[in-house]
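Trainee: Taking our numbering, the leading residue of the sequence shown gets 842, the next gets one more, and so forth.
From the three backbone atoms N, C-alpha and C, an ideal C-beta is built for every residue, glycine too.
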Amino acid sequence: MIGTILAGAAGVVAAAAVGGLAWRKVRQHQVANALEITTPNGIVEQRFVRVGGIDQWIQIRGEDRANPVLLVLHGGPGWPNAVFTLPLRPWERHFTVVQWDHRGAGKTLRRTGKAGSGEMTFDRRVADAVEVIEFLRQHLSVDKVIVLAESMGTLTGLPLALRRPDLLHALVVTDLYVNMAANEARKRQLTLERLRAASNAKGVAALEGIGGDPTRWDLRAWNSNMAWAFKTNVPTLNLDRRLLFPQALSSPIYSLRDLYTLFAGFQWSTAQMFTELKAYDARRLGTRFEVPFFLFQGTTDVVTLTSLAEEYFGEVEAPTKGLALIPNAGHFAAFTQPEPFLAELRTRVRPLASATSPSSTRRA
842 MIGTILAGAA
852 GVVAAAAVGG
862 LAWRKVRQHQ
872 VANALEITTP
882 NGIVEQRFVR
892 VGGIDQWIQI
902 RGEDRANPVL
912 LVLHGGPGWP
922 NAVFTLPLRP
932 WERHFTVVQW
942 DHRGAGKTLR
952 RTGKAGSGEM
962 TFDRRVADAV
972 EVIEFLRQHL
982 SVDKVIVLAE
992 SMGTLTGLPL
1002 ALRRPDLLHA
1012 LVVTDLYVNM
1022 AANEARKRQL
1032 TLERLRAASN
1042 AKGVAALEGI
1052 GGDPTRWDLR
1062 AWNSNMAWAF
1072 KTNVPTLNLD
1082 RRLLFPQALS
1092 SPIYSLRDLY
1102 TLFAGFQWST
1112 AQMFTELKAY
1122 DARRLGTRFE
1132 VPFFLFQGTT
1142 DVVTLTSLAE
1152 EYFGEVEAPT
1162 KGLALIPNAG
1172 HFAAFTQPEP
1182 FLAELRTRVR
1192 PLASATSPSS
1202 TRRA
C-alpha cells in the first residue's frame, strides 16, 4: 500500500516536472519571438568580454545603433537584470540597452565558478564597470553612456559617477539604497505594521525574533527581513514569486544550468558582500556630482524606502537633476511599470545624450 502511494506521488511529481518543462519551452519560444529585432540598423549580441581579469557576460540589444547606450547595473547584488529583457523590450526602440552579469552573478558566475570570481567587493565592481564602459565605447563607437543603477546596483553606480563622470551622459538611479542600517530598520518596522494589520502571526514572530538593530544581524536575519518585505510588498505582494521567478524561468537566454547558477549566485554574492552591504552609507561618498543625476523611484517602495531616497535626492548637487515618482510601483519600478519609466527616460534623460550615428558620435 505504501509503495503504491509513493509510486503515485512520484508519478505526480514527475508529471508536474514534465508539465513545467513543457510550459517553459513553449513560453521561451513565445518570448524569443517577442524579442526579435529585425530593423536594418539593429543590434542583438550576447557575449563574454574580458573584464577585471575574468570573462564577464553582457547582452547588447537595440533597434538602432545610433541610439544612446543605456548600461544597466543590476542589484541583488547577484541578481542579473537580463531576465527582464521582455518587459524592457519597448526601451530598445529608443536606447541600445546593455545588460551585464556582474562577477559572482548569472552567466558570469557559471563561466568562472565561485573560485574564479576573484575579489567580491563594490570597489572591484566599480572598476569592472569602468572596463565595461570602455569596451562599449570602442565596440559601439560612442564617447559616453547613460548608466541606470538599480537597487544594489546603486552601490556601484554612485561611486562610478563620482569617480569617472567623463564616461557618463547621466546617472539614473532607481530602488535607491541610501543608508543601509536606517533602511533595514525602518523597512522591518513598516513590514511589521503590515503583518500585524494582516494578522500574520508567523511573519510578526519572525521579524520580532531578529531584533531591531540591523548592524547586529547575521545573513539569516537579513534574508528574513528581505523576504517578509517582498511578501508584503505594496502594491504587488510576493513580488519575487510573481515577477522574478516567472521572468527567469521563461527567459530564452538562460538554460536550466544557467538558472541553477542564477539562483545560487543570488545568495552567494550576498554572503560574500554582506559585511560591506551592512555598513553602506551613500552620504559618505559625497553628494556633489559632475553629471546629471536622476532619481526614478516607485511611490510605494517598501524595500528601498522612497522616503529615504527622496531625502538623499534633496541633498544632491548636480549640473541637472530630476525626480520622478513612478505611480502604482514599489520596488523594481523599472520592471513593473516599464512604460511610465521609459517615458521619464525619454523626456528627461535621452535628450542629454547624442542620438547621432555611431560613426559620427565619437567626433561630436
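Roughly how many whole angstroms lie between the Cα atoms of His870 and Glu933?
Mentor: Numbered from 1 along the sequence shown, position 29 holds the residue referred to as residue 870. Numbered from 1 along the sequence shown, position 92 holds the residue referred to as residue 933. Cα to Cα, the separation comes out at about 20 Å.
Trainee: Using C-beta distances below 8 Å, list every residue in its chain close to Thr1128, excluding the 5 sequence neighbours before and after it, in chain order.
Mentor: By one-based count along the sequence shown, residue 1128 stands at place 287. Result list for Thr1128: Tyr1153, Glu1156, Val1157, Glu1158, in chain order.
Trainee: Is His870 helix, strand or coil when you go by DSSP?
Mentor: Within the sequence shown, residue 870 is the residue found at index 29, counting from 1. Helix at His870.
Trainee: Hey, does Asn922 have any beta-carbon neighbour from chain D nearer than 8 Å?
Mentor: Absent from the structure is chain D; it holds one protein chain and no more.
Trainee: Please report how far the alpha carbon of Gly1207 lies from the alpha carbon of Leu977, in whole angstroms.
Mentor: Given that the chain is displayed from residue 842 to residue 1205, the structure contains no residue 1207 and the question cannot be resolved.
Trainee: Kindly give me the distance between the Cβ atoms of His1010 and Arg1187, rounded to whole angstroms, as I take these residues to be in contact under 8 Å.
Mentor: One-based indexing of the sequence shown puts residue 1010 at position 169. One-based indexing of the sequence shown puts residue 1187 at position 346. Incorrect: roughly 14 Å between the Cβ atoms, too far for contact.
Trainee: Do you know whose CA, among Glu1185, Arg1027, Thr962, lies nearest Met1114's CA?
Mentor: Taking the first residue of the sequence shown as position 1, residue 1114 is located at position 273. Closest option to Met1114, Cα to Cα, is Thr962.
Trainee: If we ignore side chains and look at the alpha-carbon of each, how far apart do Phe1071 and Trp1063 end up?
Mentor: As a first step, residue 1071 is located in the sequence shown; it is residue number 230 there, counting from the start. As a first step, residue 1063 is located in the sequence shown; it is residue number 222 there, counting from the start. Approximately 13 Å, taken between the alpha carbons.
Trainee: Does the Cβ of Val854 have 16 or more other Cβ atoms within 10 Å, making it buried, or fewer, making it exposed?
Mentor: Stepping through the sequence shown from its first residue, residue 854 is reached at position 13. Residue confidence is low: Val854 scores 36 on pLDDT, short of 50, so the model does not pin down where it sits. No coordinate-derived value is stated.
Trainee: Since Ala1184 and Gly1139 should fall inside the 8 Å C-beta cutoff, what is the C-beta to C-beta distance between them, to a whole number of angstroms?
Mentor: As a first step, residue 1184 is located in the sequence shown; it is residue number 343 there, counting from the start. As a first step, residue 1139 is located in the sequence shown; it is residue number 298 there, counting from the start. About 15 Å; that fails the 8 Å criterion.
Trainee: If you check the beta carbons only, do Thr1056 and Ala1112 fall under 8 Å apart?
Mentor: In the sequence shown, the residue the question calls residue 1056 occupies position 215. In the sequence shown, the residue the question calls residue 1112 occupies position 271. No, they are not a contact pair.
Trainee: Using only alpha-carbon positions, find the residue among Pro1000, Gln1088, Arg1061 that is nearest to Leu914.
Mentor: In the sequence shown, the residue the question calls residue 914 occupies position 73. Comparing Cα positions, the closest option is Pro1000.
Trainee: If you pair each beta-carbon of the region 1141–1150 with each one of the region 1018–1037, do three or more pairs fall below 8 Å?
Mentor: As far as the Cβ criterion goes, the region 1141–1150 touches the region 1018–1037, which means the pair count is three or higher.
Trainee: Note down, one range per segment and in chain order, each alpha helix (DSSP H) of at least 4 residues found wholly within the region 1058–1116.
Mentor: Within the region 1058–1116, the complete alpha helix (DSSP H) runs of at least 4 residues are 1060–1072, 1086–1091, 1097–1113.
Trainee: Select from Arg888, Phe1134, Pro1192, Leu929 the residue whose C-alpha is nearest the C-alpha of Leu841.
Mentor: Nothing about residue 841 can be reported from this structure: the residues present for the chain run from 842 to 1205 only.
Trainee: Could you check where the alpha helix (DSSP H) with Gln1030 kicks off and where it finishes?
Mentor: Counting from one through the sequence shown, the residue named residue 1030 turns up at place 189. From DSSP, the alpha helix (DSSP H) with Gln1030 extends over 1021–1038.
Trainee: Count the other C-beta atoms from every protein chain shown that fall within 10 angstroms of the C-beta of Leu1207, then say buried if there are 16 or more, exposed otherwise.
Mentor: Outside the modelled stretch of the chain, which goes from 842 to 1205, sits residue 1207, for which no answer is possible.
Trainee: Does DSSP put Asp1122 in a helix, a strand or coil?
Mentor: Mapped onto the sequence shown, residue 1122 falls at position 281. In this structure, Asp1122 counts as strand in the three-state DSSP scheme.
Trainee: DSSP on Lys948, reduced to helix/strand/coil?
Mentor: Here the question's residue 948 lines up with position 107 in the sequence shown. Lys948 falls in the helix class under three-state DSSP.
Trainee: Would you kindly work out how many angstroms separate the C-alpha atoms of Ala907 and Gly1044, rounded to a whole number?
Mentor: Sequence index remark: in the sequence shown, residue 907 carries index 66 (1-based). Sequence index remark: in the sequence shown, residue 1044 carries index 203 (1-based). Taking the straight line joining both Cα atoms gives about 50 Å.
Trainee: So Phe1134 and Lys1162 are supposed to be a Cβ contact under 8 Å. How far apart are they, rounded?
Mentor: Residue 1134 sits at position 293 when you count from the first residue of the sequence shown. Residue 1162 sits at position 321 when you count from the first residue of the sequence shown. Correct: roughly 5 Å between the Cβ atoms.
Trainee: Does the Cβ of Gly1052 have 16 or more other Cβ atoms within 10 Å, making it buried, or fewer, making it exposed?
Mentor: For the purposes of this step, residue 1052 is identified with residue 211 of the sequence shown, where counting begins at 1. Exposed, by the Cβ-count rule.
Trainee: Report the residue from Leu927, Ile899, Tyr1018, Leu950 whose alpha carbon sits nearest the alpha carbon of Gly1106.
Mentor: Here the question's residue 1106 lines up with position 265 in the sequence shown. Gly1106 has its Cα closest to that of Leu950, out of Leu927, Ile899, Tyr1018, Leu950.
Trainee: Any idea if Gln887 is buried or exposed, counting beta-carbon neighbours within 10 angstroms, 16 or more meaning buried?
Mentor: Position 46 of the sequence shown, counted from the start, is the residue given in the question as residue 887. So Gln887 ends up on the exposed side.
Trainee: Could you tell me if Thr1015 is buried or exposed, where buried requires 16 or more neighbouring beta carbons within 10 angstroms of its beta carbon?
Mentor: Looking up residue 1015 in the sequence shown gives position 174. So Thr1015 counts as buried.
Trainee: Whose C-alpha, out of Leu1084, Arg1004, Glu1117, Ile974, is nearest the C-alpha of Asp1059?
Mentor: Stepping through the sequence shown from its first residue, residue 1059 is reached at position 218. The option with the nearest alpha carbon to Asp1059 is Glu1117.
Trainee: In terms of DSSP beta bridges, what is Ala785 paired with?
Mentor: In this structure the chain extends from 842 to 1205, so residue 785 is not present and cannot be described.
Trainee: Where do the ends of the beta strand (DSSP E) carrying His980 lie?
Mentor: If you number the sequence shown from 1, residue 980 lands on position 139. No beta strand (DSSP E) contains His980, which is instead part of the alpha helix (DSSP H) from 963–981.
Trainee: According to the neighbour-count rule (16 or more other Cβ atoms, all chains shown, within 10 Å of its Cβ), is Lys948 buried or exposed?
Mentor: Here residue 948 corresponds to residue number 107 of the sequence shown, with the count starting at 1. The residue is buried, with at least 16 neighbouring Cβ atoms inside 10 Å.
Trainee: Beta strand (DSSP E) containing Glu789: first to last residue?
Mentor: Coverage of the chain is limited to positions 842 through 1205, which leaves residue 789 absent and any answer about it impossible.
Trainee: Which same chain residues end up closer than 8 Å to Gly957 when comparing Cβ atoms and leaving out the 5 residues on each side of it in sequence?
Mentor: Working through the sequence shown from its first residue, we reach residue 957 at position 116. Cβ within range, chain order: Ile895.
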